[in-house]
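Peer 1: Before we start, here is the structure in question, set down as structure tokens.
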Amino acid sequence: MEQIPLEHILLLSALLFSIGVFAVISKRHAVVVLMGIELIFNAANLNLVAFSRHDPALLQGQLFSLFVIVVAAAEAAVALAIVLRVYQYFKTAHVNEVVSADNK
Amino acid sequence: MNEQVAYLSQTIEAIVAGAGNLLPELLLATFFLLLVTLDLFRSPLIKSLLPWLALTGLFAALLIQVLGGYTFQQGFFLDLLLSDGIARYTGILFCAAGIFTLLLSLLNRSLEKLRYGHGEYYGLILVLVLGLHLMAKSVNLLMVFVAIEVVSIASYILTLTFKTEERAVEAGLKYILYGALSAGVMLYGMSFFYGLTGSLNYAVEGFGAALLQADTLLVTVAAVLVFAGFFFKIAAAPFHFWVADVYQGAPLPVVALFSTGPKIAGIVVILRFVGTFADPLFFADVQFFLGIAAIATLAIGNFTALWQKTPRRLLAFSSVSHAGFLLVGLLAFGADYTQSILFYLTVLLCMNFGIFLFLQISEEAFGVAKLDGFAGLGRAYPFIGVMAVLYLLSLTGLPPLAGFMGKLLIFSNVWEAYSLSGNNLLLVLLATGILLTAVALFYYIKIPYNLFFKRNFREENLVISLSNKLLLVLFALPLLVFFFKPDLLLNWIEQLLAQIN
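Here is the structure:
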């Protein structure tokens with residue numbers, strides 16, 4: 001079976017990473033920012049899995065990406081809980097409108 | 001099949017053999033689980049015991065590491081963790097930081113008023129300390145990532161201890177967005193290191209050797225990405241934006257822990273990682289980047305602190321500037337630089353807990369929220385005022401306090417490294433560091449100025465509890481002792497480093 005060349009995967013992951021960073025920088029909604037961060041994590045995962053194919057010790061990268069998925073899920077759980085709190089208090093989830101009274 | 005069984009039994013043997021070195025971590029984890037389980041009971045007696053249980057766990061982990069009673073051997077644990085003198089010494093610091101945090105929490109009245117969530121609060125402090133231990137020990141990209149995330153997630157939740165306060169919620173959101181972003185960026189960089197070297201363990205020879213053969217540009221980019229995650233943890237520029245809001249919103253004991261624990265652990269992680277980039281010719285770009293980051297951190301920390309109106313924000317930027325000094329120290333690759341960085345970190349631990357305790361007393365007893373709220377407080381309560389001045393002088397780095405010795409050691413190391421290598425970057429770093437220490441004087445002096453030279457303080461004859469006063473003295477003692485006898489600490493550090501190596 002013919003394998004997908006490494007360069008293609010790296011390009012794809014670089015694209016994912018850039019889209020993620022762009023979303024974080026340009027979007028104001030906290031949930032969309034979190035989606036962008038998720039894309040960055042997945043770009044890294046893709047890299048790890050792709051490199052893992054050429055690893056003499058094998059599977060280290062795949063193992064790493066499994067850990068990343070778990071950690072990212074934990075982080076997303078906490079982040080969404082915080083976003084819910086934010087919405088309760090500020091009635092908005094737009095990052096630039098979340099400014100408490102003492103910081104104005 | 002047989003091969004796999006042999007491999008499995010080998011791995012299990014390695015785990016059993018290495019478990020002795022992980023005793024402090026295992027203890028902390030056990031106490032955390034115990035705490036979470038006991039928290040399920042509704043009895044108020046059990047609830048009131050929870051902080052003491054956490055304290056017991058931390059004391060046990062501290063004693064184990066100070067006495068070294070368990071079979072401490074230098075060595076790798078499954079290619080993931082490295083137990084050595086640095087890990088053991090910083091482990092002691094982390095346990096001390098955890099204990100100090102709990103003591104401050106016990107004296108904190110707003111935490112007392114908290115209706116629920118006590119068990120989680122103490123449990124998360126244990127988890128944070130556990131994560132710090134793992135950070136300081138890890139030599140593997142996977143382990144560093146997991147350890148940093150353990151510390152980060154615990155920190156996010158601790159920031160929101162006062163869930164009903166707007167500023168805590170705001171701080172939590174900013175913290176987790178910056179945190180998750182920098183973790184993602186770091187991970188992307190790590191994936192390139194894995195691709196370039198084929199190894200996740202960066203303490204082995206092969207890792208550095210493989211990097212020397214790789215494309216310089218790619219290595220530099222990957223290193224910059226990875227340092228983004230590390231810089232977030234030590235609050236260095238340009239990943240310091242969360243600091244001011246988090247310091248404003250989190251409970252003070254937790255802020256004191258944030259300003260010391262993750263900083264110490266992050267510096268140790270960088271210390272281990274940066275060793276790979278010590279070659280001045282090949283990794284000139286990486287070193288240049290670190291130098292620029294150190295200068296930026298120093299400048300941003302010190303100059304932004306000048307404009308701050310609240311003591312919490314002022315201390316937030318002061319902690320950014322301390323991260324800058326530590327980065328300067330890290331660039332002076334040499335034989336002694338580990339000792340002086342560990343010395344500085346120890347002093348930082350005492351100074352920060354002292355000043356945050358002072359802040360907690362003045363917030364809770366006197367309702368100070370802004371810098372001018374301190375006006376005349378020092379005249380009415382000279383003991384507290386004098387202690388505050390002591391801590392602030394030490395933070396500035398003036399004699400006769402240990403903060404001065406810490407800066408002196410770091411600067412002399414940089415000078416030595418400069419005279420050996422003639423690297424101009426080091427000279428620039430040295431000059432910036434010394435100049436900005438002078439700037440630091442201007443903002444630190446605001447608090448003593450308000451304390452003693454202004455008067456409009458309402459005399460209320462509030463009594464400051466003895467335990468608060470005792471703790472204030474406890475944090476100040478090392479600052480005086482280590483100024484006059486820095487050798488006491490340095491020798492101990494050296495002994496710990498040498499004993500095992």
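Residue numbers (UniProt numbering), protein chains in the order written: chain P, 1 to 104; chain V, 1 to 501. The beta-carbon is built from N, C-alpha and C at its ideal position, and this holds for glycine as well. Since the model is a prediction, treat every value here as computed from it, not as a measurement.
1. Using the C-alpha atoms, what's the distance from L436 (chain V) back to residue 509 (chain V)?
2. State whether the segment 398-415 of chain V contacts the segment 343-353 of chain V, with contact taken as three or more CB pairs (one from each stretch) at a distance under 8 Å.
3. Whole angstroms are fine: how far does the CA of L62 (chain V) sit from the CA of E120 (chain V)?
4. Tell me the DSSP secondary structure of L200 (chain V) in three-state form.
5. Around the C-beta of K309 (chain V), are 16 or more other C-beta atoms found within 10 angstroms, so that it is buried, or is it exposed?
6. If you pair each beta-carbon of the segment 41-53 of chain P with each one of the segment 172-192 of chain V, do three or more pairs fall below 8 Å?
7. In chain order, what are the residue ranges of uninterrupted beta strand (DSSP E) at least 3 long that sit wholly in the segment 160-191 of chain V?
8. Start and end of the alpha helix (DSSP H) containing S26 (chain P)?
9. Please state the DSSP three-state secondary structure of N501 (chain V).
10. So, does the CB of S419 (chain V) fall closer than 9 Å to a CB anywhere in chain P?
11. Which of the residues in the segment 162-187 of chain V, read from start to end, lie with their CB under 7 Å from any CB of chain P?
12. My output table needs one value for L342 (chain V): the three-state DSSP class, helix, strand or coil.
13. Within 10 angstroms of the Cβ of N501 (chain V), are there 16 or more other Cβ atoms? Answer buried if so, exposed if not.
14. Kindly indicate which residue of V:G85, V:S43 and V:L28 has the alpha-carbon position closest to the one of A60 (chain V).
15. How should H8 (chain P) be labelled, buried or exposed, when 16 other C-beta atoms within 10 angstroms of its C-beta is the threshold for buried?
16. Out of V:L480, V:L80, V:I92 and V:E13, point me to the one whose CA is closest to W492 (chain V)'s CA.
17. Pairing CB atoms from the segment 365-373 of chain V with CB atoms from the segment 275-294 of chain V, are three or more of them under 8 Å?
18. Assign F90 (chain P) to one of three DSSP states: helix, strand, or coil.
19. Compare the C-beta of E3 (chain V) against all C-beta atoms of chain P and say whether one is closer than 9 Å.
20. Would you say I12 (chain V) faces chain P, with C-beta separation under 9 Å as the test?
21. Got a sec: is the Cβ-Cβ distance from S319 (chain V) to anything in chain P below 9 Å?
22. Give a yes or no on whether 9 Å exceeds the smallest Cβ distance from P5 (chain P) to chain V.
23. Is it true that the segment 426-445 of chain V meets the segment 349-368 of chain V, where meeting means three or more beta-carbon pairs spaced less than 8 Å apart?
24. Give a yes or no on whether 9 Å exceeds the smallest Cβ distance from F22 (chain P) to chain V.
Peer 2: A quick look at the data gives this:
1. Coverage of chain V is limited to positions 1 through 501, which leaves residue 509 (chain V) absent and any answer about it impossible.
2. yes
3. Locating residue 120 (chain V) in the second sequence gives position 120, counting from the first residue. Locating residue 62 (chain V) in the second sequence gives position 62, counting from the first residue. Roughly 22 Å between the two C-alpha positions.
4. Along the second sequence, one-based indexing puts residue 200 (chain V) at 200. Note: L200 (chain V) maps to coil in three-state DSSP.
5. Working through the second sequence from its first residue, we reach residue 309 (chain V) at position 309. Flag for K309 (chain V) reads exposed.
6. yes
7. none
8. Working through the first sequence from its first residue, we reach residue 26 (chain P) at position 26. Segment L6 to S26, the alpha helix (DSSP H) holding S26 (chain P).
9. By one-based count along the second sequence, residue 501 (chain V) stands at place 501. Confidence in N501 (chain V) is poor, its pLDDT being 45 and thus under 50, which makes the residue's placement unreliable; the coordinate value appears in the next sentence. Look at N501 (chain V) here: in three-state DSSP terms it is coil, with no helix or strand label.
10. Here residue 419 (chain V) refers to the residue found at position 419 when the second sequence is read from its first residue. Chain P contact via Cβ: absent.
11. K163, E166, R167, V169, E170, G172, L173, I176, L177, A180, L181, G184, V185 and L187
12. Here residue 342 (chain V) is taken as the residue at index 342 of the second sequence, counted from 1. Reduced to three states, the DSSP call for L342 (chain V) is helix.
13. Position 501 of the second sequence, counted from the start, is the residue given in the question as residue 501 (chain V). In this prediction, N501 (chain V) has a pLDDT of 45, which is less than 50 and means its spatial position is unreliable; what the coordinates show is noted afterwards. Exposed: under 16 other Cβ atoms inside 10 Å.
14. Locating residue 60 (chain V) in the second sequence gives position 60, where the first residue counts as 1. Ranking the options by Cα distance to A60 (chain V), first place goes to V:L28.
15. Stepping through the first sequence from its first residue, residue 8 (chain P) is reached at position 8. So H8 (chain P) counts as exposed.
16. Walking along the second sequence from the start, residue 492 (chain V) turns up at place 492. Per the Cα distances, V:I92.
17. Three or more beta-carbon pairs separated by less than 8 Å are not found between the segment 365-373 of chain V and the segment 275-294 of chain V, which leaves the two stretches without contact.
18. Residue mapping note: residue 90 (chain P) aligns to position 90 of the first sequence, counting from 1. Of the three classes helix, strand and coil, the one that applies to F90 (chain P) here is helix, per DSSP.
19. Counting from one through the second sequence, the residue named residue 3 (chain V) turns up at place 3. No, no contact with chain P.
20. In the second sequence, residue 12 (chain V) corresponds to position 12, counting from 1. I12 (chain V) does not count as touching chain P.
21. Your numbering for residue 319 (chain V) matches position 319 in the second sequence. Not closer than 9 Å to any Cβ of chain P, the Cβ of S319 (chain V) fails to qualify, so no.
22. Here residue 5 (chain P) corresponds to residue number 5 of the first sequence, with the count starting at 1. Not one chain V Cβ lies under 9 Å of P5 (chain P).
23. no
24. Start at 1 with the first residue of the first sequence, and residue 22 (chain P) comes out as number 22. Taking a beta-carbon distance threshold of 9 Å, F22 (chain P) does not count as an interface residue toward chain V.
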